[in-house]
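Residues 1 to 84 in full-length UniProt numbering are what the sequence shown lists, from first letter to last.
Ideal Cβ positions, reconstructed from N, Cα and C, are used throughout, including at glycine.
Structure first, then comments.
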Amino acid sequence: MVRGGDKLTEYRFNTGEAVHFFCSVCGIYTFHQRRSNPQQYGVNVACIDGVSPFDFPCVEVNDGVNHPKDGGGGVVGYLRYEKK
């Protein structure tokens, strides 16, 4: 994070292990500390100057219901971004 830390709002749900951060001004999800590995962070690349989702040709997608740490989930598909 370069600036704006004072504008972040922290949100935790369910087990409270994952820490999600949102901008308190506009509401955008910025990043989170992962539940499955608290040493890693997930980042909304659209919040990073000079980075675009189109920079990543293939992105793994989890089912979003069954968390890998609970013995479920896993990769169920892939998103591929293509510019017009």
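Next on the checklist: Alpha carbons only, please: which of 68, 39, 57, 49 is nearest the one belonging to residue 3?
Outcome noted: Ranking the options by Cα distance to residue 3, first place goes to 49.
Checklist entry - Under the three-state reduction of DSSP, which class applies to residue 56: helix, strand or coil? => result In the three-state DSSP reduction, residue 56 falls in the coil class, being neither helix nor strand.
Item to check | Within 7 Å, strictly: CB atoms of residue 35 and residue 10 | outcome: The Cβ-Cβ distance between residue 35 and residue 10 does not fall below 7 Å.
Next on the checklist: Our contact map puts residue 56 next to residue 29 with C-beta atoms below 8 Å; I'd like the distance itself, whole angstroms only.
Outcome noted: Rounded, the Cβ-Cβ distance is 17 Å, inconsistent with contact.
Item to check | Cβ distance (whole Å) where residue 116 is taken to contact residue 58 below 8 Å | outcome: The structure shown has nothing for residue 116, since the chain only spans 1 to 84.
Item to check | C-alpha gap between residue 43 and residue 72, whole angstroms | outcome: Roughly 22 Å separates the two Cα atoms.
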